[in-house]
Structures are given as C-alpha cells and as structure tokens.
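Colleague:
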Amino acid sequence: MSYFPGQQYNGGQHPPPQNGYGYQQQQPQVFLDHSSPVMATHHKDKRLLILPNLHMATALLLHNLNTAVTLNYGGYQQTPPPGQFGAPPATAHPNIQQNAYNQGNHAAPPPPPTQAQTFGNGAPGGYTFQYSACTGRRKALLIGINYFGQRGQLRGCINDVKNMSSYLNQHFGYKREDMVLLTDDQQNPMSQPTKANILRAMHWLVKDAQPNDSLFFHYSGHGGQTKDLDGDEDDGHDEVIYPVDFRTAGHIVDDDMHAIMVKSLKGGVRLTAIFDSCHSGSALDLPYLYSTQGILKEPNLAKEAGQGLLGIVSSYARGDIGGMASTAMGLFKKAVAGDEVHKKNMRTKTSAADVIMWSGSKDSQTSADASISGQATGAMSWAFISALKKNPQQSYVQLLNSIRDELEGKYDQKPQLSCSHPLDVNLLYVM
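Per UniProt numbering, the sequence shown runs over residues 1 to 431.
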C-alpha cells in the first residue's frame, strides 16, 4: 500500500483516496471506461469485459448481488471486507465488554483493568502503565519478504501477510484503509519492504496514537543478530530484521524498532507485535518475558553456565587451551553483567503503553518456513491465527500455550511472549 500523496496504489490506474495519514487507501470501486459511462465486470478468464451500455451493466449488477466479486484489497486479489458488496459475513471476536467473564462466567479470563497500574520489578519508583481496552482506532502494518532471486529465498512470508490481513479485517475489525502492507511482490516501489519504507511505515503506525487504540505490527522474513553496541543485551547481541534491500541499505536493529514503536507510545495504547523470524525473542527489546507457566523469567545464568561448561570440556578434549580460557572468561563476564543488563532494561526499556510481542522463536533459535495444507506459510503466523480461531477467549498464558501446542511435534521453535510492563498473564487477551 502506498503512503505518499499522488502515488498510484499497487500500480493501479485509478489513484485511491487518502486516509488522512498520508497513506492511500483502496476502496471498493467499479472501473469505468473513460470514453463512456459504462460499467465493467469480470469475465470468466479474469479479464475485464466492457459492457456496451449502462442498462446492461445495472441488470448484471442486480443479477450478481449474491456473487462474491473479487477486488484488489490491500494489494491482493481477495473478497471485499465484511459489510461490502459480495463479502462473506463477519465473524468478529467478542470485544472487551462481550466476553464470557462479563456474561457471568467468572471462571473465564477477566478483562483488563481500566485503572493505572504500578510497575515494581525494578522499574522507576512511581512509574505507572495502563492496559488498553482496544476499543479505539485500529491500524496495522504488515511486512512479508520472500527475497525473490536472493540467496536464502523464502516461500511463505507474503502468504503470512495475506492471511494475517484477512484475519484482522474479518475478526478484529481492522479496516483495509487502515492497513499498510509491504511485500516484495508489489510493483509500486513505495510498497516494497525496503529499509526506508519500513522505517517510514513504523512512524506512520504509531503517529497520533491515543489511549485504547489498537496497533498491530507483523513481520515475516529473515531475522538475525549483530554485535550489541549499547550494552542492553545480556548475550552481547542485538536482534535485527532484514529488509529486502539489506545488502545495500543494511538491517534494522531492535534498539531502533523499540525507539520508534514502543518508547513513543502513550499509556493505554496497545501495540501487538508478531515477529515470524529467526532470533526474534527480544526483537522489540521488551524487558518482561513470560514462561508457559505465566512466570516472569529472570536471566538463567545457571543454565547458561552449564551450557558454557560443556564448551570448556569440549575445548579441553580437543586440547584447545585458548578456547577453554576464552569460554571461561566469557562465562565470568556474562555472570557479572547479565543481571545488571536485566536490571538496566527494567529501568530503561519499560513503557507506560501496553505493548505485547509474540515472537516465533527464542533469540538463539531459528523459525520455520512451513507448508500448511499445501500453502507455504510461517509456522508462527499460522499457529497464532489457528490458536485464536479455535478459542477466541483465552488468557495471555493460555494463548501462549495454545500457540506452542499448535507447533508441538512439528517444529522445534519455542514461541515467546514478552511485554513492556509487568503482565497479569491470566487476564483476557484482547487486541
């Protein structure tokens, strides 16, 4: 989707109207022959058939009232959003007021509180955050990169964007004109997932966000790690994502994504982020990471030390005295610095906003490019949608376990749940 006034949408010949944020939107429209006021409809071979007069066009329109007409929404050939001509009926998820808990089932997850919450957990004294009711404006940025013609080409990332955008539209009320899709199969250069376009779109996503707004960020593509330069990573590496032009423009670091999409948000604004990429466990640098038991994770130095000792033994067996010394020194530095890094992040990476991140893997893991029902897709993106479709009214910890259950036995990756503030994981997951 293009986001400069005057740019054409996805190479189309009819410039769509602006949506008020500098991005152009694609509306349901009937294409007209510029020479006469006649309508066009789809022929069986997918080409446009120009009808000779308006009366025939009107008759055909009435005849096809119950036929799903395919239009170019969001840069993809899909049926219109619910409520538009030819669209399937909407099956929206219950909102914060229409949940099982408020209907009398107090065994169900309760909705989030409306009052300000205190941090604790090493955050600055008196600092508060606010859960979002997700009842305000909705905006979404979805990025899918297959890296066509490049080494390491992927197959399912663009499908992830197609599937997620349809799911958000049909189940959570995200309007097509409030979504920006950046994929590397689009002809419009402003819709390509380049580094410049991605950064610009991130700024668009959070611009003018207000309490109870619900923002959604989805990235499906390659991820990796690079040397940490500001001391905020206990493993010594920053997490990065790779734009389609990363070989010339470079990657995007988690510190920059945090500064743009997290730090700038007001209290009560929800940002839901999904990273379906390798090494994405801390891609937004959110300091509160939760286990499948709902327990806040602390740096597991004992486990890391145990793994490091295996390295020392291996070096000893090879006669690599230098390797032994290097591994031992690294363990010592990490043991000393790891807890301090964690405390520093608690103090500096917290946010008054309500930022939730679902990542496809731990920082040390890769994510799978899967095939589900014959369609190439990212395993994390598929599992997230599948888990919520099966049970829309889950708590945060229930949803984390449901996502992992979807992947269990099929993929080795372990999806992660992290947050910008201490999270009551037993609350109802809203979005």
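Quick reminder that beta carbons are idealized off the backbone N, C-alpha and C, glycines included.
1. Distance check for residue 220 and residue 377, CA to CA, integer angstroms please.
2. Rounded to the nearest angstrom, what separates residue 139 and residue 179 at their Cα positions?
3. Do you know whose CA, among 357, 381, 169, 379, lies nearest residue 397's CA?
4. Which class does residue 375 belong to by DSSP, given the choice of helix, strand or coil?
5. Counting only runs that start and end within the region 146-233, where is the alpha helix (DSSP H) found for 4 or more residues in a row?
6. In the DSSP assignment, the beta strand (DSSP E) including residue 359 goes from what residue to what residue?
7. Taking all protein chains shown into account, do 16 or more other C-beta atoms lie within 10 angstroms of the C-beta of residue 238, making it buried, or fewer, making it exposed?
8. On the DSSP bridge assignment, give the partners of residue 276 in chain order.
9. By the 10 Å Cβ neighbour count, where 16 or more other Cβ atoms means buried, how is residue 193 classified, buried or exposed?
10. Is residue 408 buried or exposed, if buried means 16 or more other CB atoms sit within 10 Å of its CB?
11. Using C-beta distances below 7 Å, list every residue in its chain close to residue 159, excluding the 5 sequence neighbours before and after it, in chain order.
12. Where residue 242 and residue 226 are concerned, what is the direct C-alpha to C-alpha distance, given to the nearest angstrom?
13. Between 113, 152, 183, 420, which lies nearest to residue 222 when the distance is taken from Cα to Cα?
14. Which residues bound the beta strand (DSSP E) around residue 140?
15. Below 6 Å CB to CB, which residues in the same chain sit around residue 217 once its five sequence neighbours on both sides are set aside?
16. With a cut-off of 8 Å, do at least 3 Cβ pairs link the region 248-265 to the region 165-174?
17. Between the alpha carbons of residue 410 and residue 383, how many angstroms are there, rounded?
18. If you check the beta carbons only, do residue 401 and residue 110 fall under 9 Å apart?
19. Where residue 189 and residue 295 are concerned, what is the direct C-alpha to C-alpha distance, given to the nearest angstrom?
20. For residue 224 versus residue 244, is the C-beta spacing smaller than 9 Å?
21. Under a three-way DSSP split, which group does residue 426 fall into?
22. Could you check what DSSP says for residue 397 in three-state terms: helix, strand or coil?
23. Leaving out five residues before and five after residue 211 in sequence, what residues of the same chain have Cβ atoms less than 8 Å from its Cβ?
24. Determine the contact status of residue 354 and residue 428, defining contact as a CB-CB distance below 9 Å.
25. Do you know offhand how far residue 183's Cα is from residue 107's?
26. Can you grab the Cα-Cα spacing for the pair residue 90 / residue 126, in whole Å?
27. Helix, strand or coil: how does DSSP classify residue 418 here?
28. Identify, in the order they occur along the chain, each residue of the same chain with its Cβ nearer than 7 Å to the Cβ of residue 157, setting aside the five sequence neighbours on each side.
29. Nearest CA to the CA of residue 247: which residue from 258, 392, 195?
30. Residue range of the beta strand (DSSP E) that residue 411 falls in?
31. Out of 191, 215, 422, state which residue places its alpha-carbon closest to the alpha-carbon of residue 174.
32. Using the three-state DSSP reduction, which class does residue 286 fall into: helix, strand or coil?
33. Helix, strand or coil for residue 388, going by three-state DSSP, please let me know.
Modeller: Let's see:
1. Taking the first residue of the sequence shown as 1, we reach residue 377 at position 377. Taking the first residue of the sequence shown as 1, we reach residue 220 at position 220. Each residue's alpha carbon lies about 9 Å from the other.
2. By 1-based counting over the sequence shown, the position of residue 139 is 139. By 1-based counting over the sequence shown, the position of residue 179 is 179. Those two C-alpha atoms are separated by around 6 Å.
3. Counted from its first residue, the sequence shown places residue 397 at position 397. It is 357 whose Cα lies nearest to the Cα of residue 397.
4. The count along the sequence shown starts at 1 and reaches residue 375 at position 375. Residue 375 falls in the strand class under three-state DSSP.
5. 157-172, 195-206
6. If you number the sequence shown from 1, residue 359 lands on position 359. Segment 354-359, the beta strand (DSSP E) holding residue 359.
7. Residue numbering aside, residue 238 sits at position 238 when the sequence shown is read from its first letter. Under this definition residue 238 is a buried residue.
8. Here residue 276 refers to the residue found at position 276 when the sequence shown is read from its first residue. According to DSSP, residue 276 bridges with 220.
9. The sequence position of residue 193 within the sequence shown is 193, counting from 1. Residue 193 comes out buried.
10. Numbered from its first residue, the sequence shown carries residue 408 at position 408. It counts as exposed.
11. Here the question's residue 159 lines up with position 159 in the sequence shown. Same-chain partners within the cutoff: 375, 376, 377.
12. The residue you call residue 242 lines up with position 242 of the sequence shown. The residue you call residue 226 lines up with position 226 of the sequence shown. About 12 Å.
13. If you number the sequence shown from 1, residue 222 lands on position 222. Closest option to residue 222, Cα to Cα, is 152.
14. On the sequence shown, position 140 is the one that residue 140 refers to. 138-144 is the span of the beta strand (DSSP E), which, as asked, contains residue 140.
15. Start at 1 with the first residue of the sequence shown, and residue 217 comes out as number 217. If we look at residue 217 and ignore the five residues flanking it on each side, its Cβ neighbours are 141, 273.
16. no
17. Counting from one through the sequence shown, the residue named residue 410 turns up at place 410. Counting from one through the sequence shown, the residue named residue 383 turns up at place 383. For residue 410 and residue 383, the distance between alpha carbons rounds to 11 Å.
18. Counting from 1 along the sequence shown, the entry for residue 401 is found at position 401. Counting from 1 along the sequence shown, the entry for residue 110 is found at position 110. The criterion of a C-beta distance shorter than 9 Å is not satisfied by residue 401 and residue 110.
19. Start at 1 with the first residue of the sequence shown, and residue 189 comes out as number 189. Start at 1 with the first residue of the sequence shown, and residue 295 comes out as number 295. Looking at the two C-alpha atoms, the distance is approximately 44 Å.
20. The residue labelled residue 224 in the question sits at position 224 within the sequence shown. The residue labelled residue 244 in the question sits at position 244 within the sequence shown. Pairing residue 224 with residue 244 gives a Cβ-Cβ distance that is not under 9 Å.
21. In the sequence shown, counting from the first residue as 1, residue 426 sits at position 426. Residue state for residue 426 is assigned as coil, using DSSP reduced to three classes.
22. Counting from one through the sequence shown, the residue named residue 397 turns up at place 397. If DSSP states are grouped into helix, strand and coil, residue 397 belongs with the helices.
23. In the sequence shown, counting from the first residue as 1, residue 211 sits at position 211. So the list reads 130, 132, 136, 266, 267, 268, 269, once near-sequence residues are dropped.
24. On the sequence shown, residue 354 is found 354 positions in, with the first residue counted as 1. On the sequence shown, residue 428 is found 428 positions in, with the first residue counted as 1. Going by C-beta atoms, residue 354 is not nearer than 9 Å to residue 428.
25. For the purposes of this step, residue 183 is identified with residue 183 of the sequence shown, where counting begins at 1. For the purposes of this step, residue 107 is identified with residue 107 of the sequence shown, where counting begins at 1. Near 42 Å, if we compare the C-alpha coordinates of residue 107 and residue 183.
26. Here residue 90 is taken as the residue at index 90 of the sequence shown, counted from 1. Here residue 126 is taken as the residue at index 126 of the sequence shown, counted from 1. Residue placement at residue 90 is poorly supported in this model, since its pLDDT is 45, which falls under 50; the coordinates are not used for a value here.
27. Sequence index remark: in the sequence shown, residue 418 carries index 418 (1-based). In the structure shown, residue 418 sits in a strand (DSSP, three-state: E or B).
28. The sequence position of residue 157 within the sequence shown is 157, counting from 1. For residue 157, where only same-chain residues beyond five positions count, the Cβ hits under 7 Å are 144, 145, 146, 220, 221, 378.
29. Taking the first residue of the sequence shown as 1, we reach residue 247 at position 247. When only C-alpha atoms are compared, the closest one is 195.
30. Numbered from 1 along the sequence shown, position 411 holds the residue referred to as residue 411. Note, residue 411: premise wrong, no beta strand (DSSP E); not H, not E.
31. Against the sequence shown, residue 174 aligns to sequence position 174. The option with the nearest alpha carbon to residue 174 is 215.
32. Here residue 286 refers to the residue found at position 286 when the sequence shown is read from its first residue. It is coil, neither helix nor strand.
33. As a first step, residue 388 is located in the sequence shown; it is residue number 388 there, counting from the start. DSSP places residue 388 in helix when its eight states are reduced to three.
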